[in-house]
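Before any comments, here is the structure.
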Amino acid sequence: MTNITNPVTYVDSSTDFHKIPPKTSIEISDVTVSFKGQNGTFTAIKDISLTVKKGEIVSLIGHSGCGKSTLMNTISGMVTPTKGTVIANEKTVNGPGPDRGIVFQNYSLLPWLSVYSNIYEAVDAVMKDKTLAEKRELVEKNLDMVNLLSHKDKLPGQLSGGMKQRVAIARAFAINPSILLLDEPFGALDALTKGAMHIELLKLWNLDNRNKTIVMVTHDIEEAIFLSDRVVVMNNGPAATIKEIVDINIARPRNKKDIAHDPEFIRVHDQLLSLLFEKFSIED
Amino acid sequence: MVLIKVRSGSPYYSNIKIMLQTTIKNKSIDLFYFLGSILLLLVIWQLVTIVTKAEIPGPLATFTVFKELMAEPFYDRGPNDKGIGNQLFSSLIRVFSGFGIGSLIAIPLGLIMGASKVGMKLLNPLVQILKPVSPLAWFPLGLLAFKAAEGATIFIIAITSLWPTLINTAFGVSSIPQDHKNVGKAFGFSKWKYVTKIMLPFAIPHIMTGLRLSIGIAWMVIVAGEMLSGGVGIGFFVWDSWNGLSLEKILIAILIIGTVGLLLDKAFNAIQNAFSWEKK
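Line by line, the protein sequences are chains H and B.
Every position in the first sequence, counted from 1, becomes a number in the numbering used here once 492 is added.
Every position in the second sequence, counted from 1, becomes a number in the numbering used here once 819 is added.
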């Protein structure tokens, strides 16, 4: 029997294994988003196409108001495209779903619920057929992962910004989504906490065998390089498009301290800087 | 619970001592001002008595009558002759009935108004028109509907006190931040979960504020209601004392009404604080 009649490809060696293209996780095709405002229609993003592979970490970077959050919200289903389609996990997105976990910019914890309940209610809403004990265990496991188990009875108001963000991340992980969407997740944190959170996030991603696809909106170049496989640079809005997609070829696991001296890091950092700031370089 | 033994001389001990001392000091300052306020009232009252040549009885004369009233607050000598305690008690029952009925209407209606734009647009004009109507104007309608003064009194308390609760509930629900709504959307909360875990918890402090304002109005309306309806109650007591030309009793009633109103407000304030998640 030849390969032509049998389309199934057999994997013979471990080197071949890595040649199998990973499954597509997200496919954005030709997406335009317009909002109807008081002064007519405002187009945030225009004709954007982007494919993200399973287990990939992709950052969306660009100046404020360039529509990077809008683009991400089309994946989460919070925003419906005016034109084009978004396919996530082989299904067309037409609303939020538990296969896509979201970590919001401002944590979005419910201030009247304890840390535990904030996660429990999300788990309870998504995993209806699990028993109470299973749901409890799941919440506690995820709280333990972000080292907050001892704070489970506190209210969000009693936590620091970094702790709140860890709760939000634990909540997103607890519903075990295959796609994780982070909207400027570390924007409000100080530099030290931010660095610790990057490592925390990669740790969680590793624990899950790097199976989760992560799409993150950020305006921090170092953060984008340290975390991502690819960085999507966006043009300024309105009607923003993708300017360039930059591959980050730095081996994992990456080390926060060593990476700063990596020639590839320095090269990509320069490239991203010039992509983002070419407009202002002449005026000074 | 962890018990920490505090020895005198340890830094903890002096801290606790300072804390206690400040609390006691603050409390005694508060008490001092409160007593000052009462004294001010008594002085003005006495001056009015002097100016009106004792036509309005002074604090001392009033206190003598107050002592007589308090000697037997719960006596009952027929339908038109009952002790001050009885009068106050009936009034409170009436106020809480009217307030309770009003709140049972106002809270669900407010939730509907706040949760749906159609509900808001449909009901808001109605609220704006009916809210400023005086309780006295409702009284004849109440009499017609319930064929009894008792029912009519409770009716006017309910219908005039429900507005702050209604408006605050509607405002609370309609001002739920998008962030909180997004949580429900992103994690696919059911309608029931959304109402019990997001809408109600957010609205409850607002509802409590509404209820506190409503009980204040209910207590204010009671006197007018009972003056019209007669029977037993603090409002009727005021009217009866006027007919009996006992100005002392009227002044006592005013002070009692004021004090009970203050206590009701304090009680609702405490409930309001207990439900507020913002301060925790």
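C-beta: ideal position from N, C-alpha, C; glycine also.
Here the structure is a predicted model, which is why all the values come from computation and not from measurement.
Problem set entry | Limits of the alpha helix (DSSP H) - the one that B/Thr1028 falls within | Taken as a continuous stretch (DSSP letters only), the alpha helix (DSSP H) holding B/Thr1028 covers 1019 to 1048.
Exercise. Can you name, in chain order, every residue of its own chain whose Cβ lies under 7 Å from the Cβ of B/Tyr852, other than the five neighbours on each side?
Worked result: Contacts found: none.
For this session: Could you list the residues in the stretch 549 to 568 of chain H with a C-beta less than 9 Å from some C-beta on chain B, going in chain order?
Result: For chain B, the residues of the stretch 549 to 568 of chain H that bring a beta carbon within less than 9 Å of one of its beta carbons are Ser568, in chain order.
For this session: For B/Met838, count neighbouring C-beta atoms within 10 Å of its own C-beta (all shown protein chains included) and say buried if the count is 16 or more, exposed if not.
Result: An exposed status is given to B/Met838, since fewer than 16 other beta-carbon atoms sit within 10 Å of its beta-carbon.
For this session: Taking all protein chains shown into account, decide if H/Met708 is buried (16 or more other Cβ within 10 angstroms of its Cβ) or exposed.
Result: It counts as buried.
Problem set entry | H/Asp675 in three-state terms, based on DSSP | Collapsing the DSSP output to three states places H/Asp675 in a strand.
For this session: Please report the Cβ distance between H/Leu435 and H/Ala662, rounded to the nearest whole angstrom; I am assuming they are in contact, meaning their Cβ atoms lie under 8 Å.
Result: Here chain H covers residues 493 to 776 and nothing more, so residue 435 of chain H does not appear.
For this session: Report yes if the CB atom of H/Val760 is closer than 9 Å to the CB atom of H/Ile742, and no otherwise.
Result: Taking 9 Å as the Cβ cut-off, H/Val760 and H/Ile742 qualify as a contacting pair.
Exercise. At least one CB of chain H closer than 9 Å to the CB of B/His999: is that the case?
Worked result: It does; some Cβ of chain H falls within 9 Å.
Problem set entry | First and last residue of the uninterrupted alpha helix (DSSP H) at H/Lys560 | Annotation for H/Lys560: the continuous alpha helix (DSSP H) segment containing it runs 560 to 568.
Problem set entry | C-alpha distance - B/Val1057 paired with B/Gly904, whole-angstrom precision | Distance between the alpha carbons of B/Val1057 and B/Gly904: 14 Å.
For this session: Look at the alpha carbon of B/Gly961 and the alpha carbon of B/Thr979, and state the distance between them as a whole number of angstroms.
Result: When only Cα atoms are considered, B/Gly961 and B/Thr979 end up about 12 Å apart.
Problem set entry | Rounded C-alpha distance that separates B/Asn1001 from B/Ala956 | Whole-angstrom Cα-Cα distance: 46 Å.
Exercise. With a cut-off of 8 Å, do at least 3 Cβ pairs link the stretch 554 to 569 of chain H to the stretch 584 to 596 of chain H?
Worked result: Yes, they touch.
Exercise. How should B/Gln840 be labelled, buried or exposed, when 16 other C-beta atoms within 10 angstroms of its C-beta is the threshold for buried?
Worked result: Within 10 angstroms of the beta-carbon of B/Gln840 lie fewer than 16 other beta-carbons, which makes it exposed.
Exercise. Would H/Leu630 be called buried (16 or more neighbouring beta carbons within 10 Å of its own) or exposed?
Worked result: Answer is buried; the Cβ neighbour count reaches 16.
Exercise. Which residues bound the beta strand (DSSP E) around H/Phe527?
Worked result: Note, H/Phe527: beta strand (DSSP E), 516 to 529.
Exercise. Who are the near neighbours of B/Ala977 in its chain, counting only those whose CB is closer than 6 Å to its CB and skipping five residues on each side?
Worked result: Setting aside the 5 residues that flank it on each side, B/Ala977 is surrounded in the same chain by Gly917, Ile920, Gly921, each with a C-beta closer than 6 Å to its C-beta; the list follows chain order.
Exercise. What span of residues does the alpha helix (DSSP H) with H/Val595 cover, start to end?
Worked result: First-last for H/Val595: 592 to 595, but that is the beta strand (DSSP E), not the alpha helix (DSSP H).
Exercise. Per DSSP, what kind of secondary structure is H/Arg628 in: helix, strand or coil?
Worked result: In this structure, H/Arg628 counts as helix in the three-state DSSP scheme.
Exercise. Taking Cβ to Cβ, would you say B/Ile975 is nearer than 9 Å to B/Gly1029?
Worked result: No, Cβ-Cβ distance for B/Ile975 and B/Gly1029 is not below 9 Å.
Exercise. Between B/Ile1026 and B/Ile931, which are expected to be in contact by the criterion C-beta below 8 Å, what is the C-beta distance as a whole number of angstroms?
Worked result: Going by Cβ atoms, the distance from B/Ile1026 to B/Ile931 rounds to 14 Å, so no, they are not a contact pair.
For this session: Using a Cβ-Cβ cut-off of less than 8 Å, give me the residues of the stretch 672 to 706 of chain H that come near chain B, in sequence order.
Result: Residues passing the 8 Å Cβ filter: none.
Problem set entry | C-alpha distance - H/Pro745 paired with H/Gly687, whole-angstrom precision | About 15 Å.
Exercise. Is the beta carbon of H/Gly554 less than 9 Å from the beta carbon of H/Leu768?
Worked result: The beta carbons of H/Gly554 and H/Leu768 sit closer together than 9 Å.
For this session: Could you check what DSSP says for H/Ile742 in three-state terms: helix, strand or coil?
Result: DSSP, read as helix, strand or coil, puts H/Ile742 in coil.
Exercise. So, helix, strand or coil for B/Lys940, using DSSP?
Worked result: Helix.
Problem set entry | Through-space distance from B/Ile1041 to B/Asp1084, alpha-carbon basis | Taking the straight line joining both Cα atoms gives about 15 Å.
Problem set entry | C-alpha distance - H/Gly529 paired with H/Leu694, whole-angstrom precision | So the two alpha carbons sit approximately 39 Å from each other.
For this session: List the whole-angstrom C-beta distance separating B/Pro983 from B/Ser1033, where the pair is believed to meet the contact cut-off of C-beta under 8 Å.
Result: Going by Cβ atoms, the distance from B/Pro983 to B/Ser1033 rounds to 5 Å, so yes, they are a contact pair.
For this session: Over the uninterrupted alpha helix (DSSP H) stretch that includes H/Leu601, give me the two end residues.
Result: Taken as a continuous stretch (DSSP letters only), H/Leu601 belongs to no alpha helix (DSSP H), as it is neither H nor E.
For this session: Please list the residues of the stretch 995 to 1020 of chain B that have a C-beta atom closer than 7 Å to any C-beta atom in chain H, keeping them in chain order.
Result: The stretch 995 to 1020 of chain B vs chain H, Cβ under 7 Å: Asp998, His999, Asn1001, Val1002, Lys1004, Ala1005, Phe1006, Gly1007, Phe1008, Ser1009, Lys1012, Lys1016, Ile1017, Pro1020.
Exercise. Helix, strand or coil: how does DSSP classify H/Asn498 here?
Worked result: Confidence at H/Asn498 is low in this model, with a pLDDT of 46, below 50, so the placement of that residue is unreliable and no value is reported for it.
For this session: Have a look at H/Phe757, H/Asn565, H/Arg658 and flag the residue whose alpha-carbon is nearest the alpha-carbon of H/Asp721.
Result: When C-alpha distances from H/Asp721 are compared across H/Phe757, H/Asn565, H/Arg658, the shortest belongs to H/Phe757.
For this session: Can you give me the Cβ contacts of H/Thr574 inside the same chain, cut-off strictly under 7 Å, excluding the 5 residues immediately before and after it?
Result: Correct list, in chain order: Thr524, Val525, Ser526.
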